[in-house]
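Let me begin by presenting the structure, written as structure tokens, before commenting on it.
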Amino acid sequence: MKAETAYHGEMGKQFAAQATNSAYNAHTDRPAMLGLAGDVDGLSVLDLGCGAGHYAADLLQRGAATVVGVDGSESLLRAAQDRIGAGAVLHHHDLEELLTFLADQSFDLVVMALVYHHITAREQLLAEIRRVLRPGGALLVSTTHPTGDWTYFGGSYFADEQAELPFGDGFALNYWRMTLEKFLGELLGAGFVLERLLEPRAEEEARRVDPRRYDKTHSQPSFLSVRLRRP
Ligand SMILES: C[S@@+](CC[C@H](N)C(=O)[O-])C[C@H]1O[C@@H](n2cnc3c(N)ncnc32)[C@H](O)[C@@H]1O
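See below:
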């Protein structure tokens, strides 16, 4: 079994199926990130690693003027297209590469949910995000919580290595473990200014959907979400 980053084929289908109503994606990460987004009315939004389009659909429903989605998985982009219809522009692209198809300062908001830990060329990606964001624009990033990873993978908290994370039914993902210092250091080092940081717990609905994971997010941090500003 070869570990991947973009969620290709059947792995994408499995992610799409669970992301709609899962304790982690639907009821922990998304509500926190959409809360950090605030009022998106009339904004031009870029959704990096857009997956099955759950964020894009929500952002459009909340009044975003445009949403451009980018993902490396064709199966997830098909799911996104089915979910959003003609409402969003979707690009099949590897986020390890430059975003040359996006114009300078063309977005008010960039959303990157649960993607950052899959990317190796993070410095290049952050420079590209800075390029396409308007001055004063916002970047929202969520990732797995460093202490949650430490509990899961074991070893040293300070391990700086690519790990393999089992996913779904028989898949594995390449995944960068990083400390809080490294995660925030990379974002601030790229010239962004931290505005807010959340350690989200699952919302009440998750108690019904998945009581075990609801309890887990309330006793052990699972995710980290930040809002940054491009000066
Ligand atoms: C955990 S999913 C999150 C999807 C979506 N942001 C959400 O929260 O519903 C991670 C996403 O990142 C995408 N991804 C990971 N590595 C990528 C890469 N190198 N290039 C493009 N997409 C990538 C995957 O295909 C997948 O859609």
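Here the sequence shown is numbered in the working numbering, starting from 9 and rising by one per residue. No residue lacks a Cβ here, since even glycine has one placed at the ideal position from N, Cα and C. From a predicted model like this one, the values you see are computed outputs, not experimental measurements.
Residue i: beta carbon under 7 Å from a heavy atom of ligand 1?
i           : result
residue 117 : no
residue 108 : no
residue 29  : no
residue 104 : yes
residue 80  : yes
residue 160 : no
residue 201 : no
residue 145 : no
residue 23  : yes
residue 192 : no
residue 206 : no
residue 57  : yes
residue 187 : no
Round the Cβ separation of residue i and residue j to the nearest angstrom and send it over; I've been treating them as touching at under 8 Å.
i           : j           : result
residue 29  : residue 217 : 6 Å
residue 107 : residue 140 : 6 Å
residue 37  : residue 121 : 6 Å
residue 88  : residue 64  : 6 Å
residue 196 : residue 234 : Between residue 234 and residue 196 the Cβ distance is about 10 Å, and since that is not below 8 Å, they are no contact.
Please classify residue i as buried or exposed, where buried requires at least 16 neighbouring CB atoms within 10 angstroms.
i           : result
residue 116 : buried
residue 242 : Here the chain has residues from 9 to 239 only, and residue 242 is not among them.
residue 219 : exposed
residue 13  : buried
residue 136 : buried
residue 204 : exposed
residue 97  : exposed
residue 72  : buried
residue 231 : buried
According to DSSP, which residues form a beta bridge with residue i?
i           : result
residue 119 : 55, 148
residue 234 : 149, 205
residue 179 : 175
residue 12  : 181
residue 226 : DSSP, once it has assigned bridges, lists no residue as partnering residue 226.
residue 133 : DSSP, once it has assigned bridges, lists no residue as partnering residue 133.
residue 141 : 115
residue 99  : 78
Under DSSP, the beta strand (DSSP E) around residue i begins and ends at which residues?
i          : result
residue 66 : No beta strand (DSSP E) holds residue 66; the alpha helix (DSSP H) holding it covers 62–69.
residue 77 : 74–79
What are the boundary residues of the alpha helix (DSSP H) that residue i is part of?
i           : result
residue 48  : Segment: none, residue 48 is in no alpha helix (DSSP H) and carries neither H nor E.
residue 106 : Premise fails: residue 106 is in no alpha helix (DSSP H) and is neither H nor E.
residue 160 : 154–161
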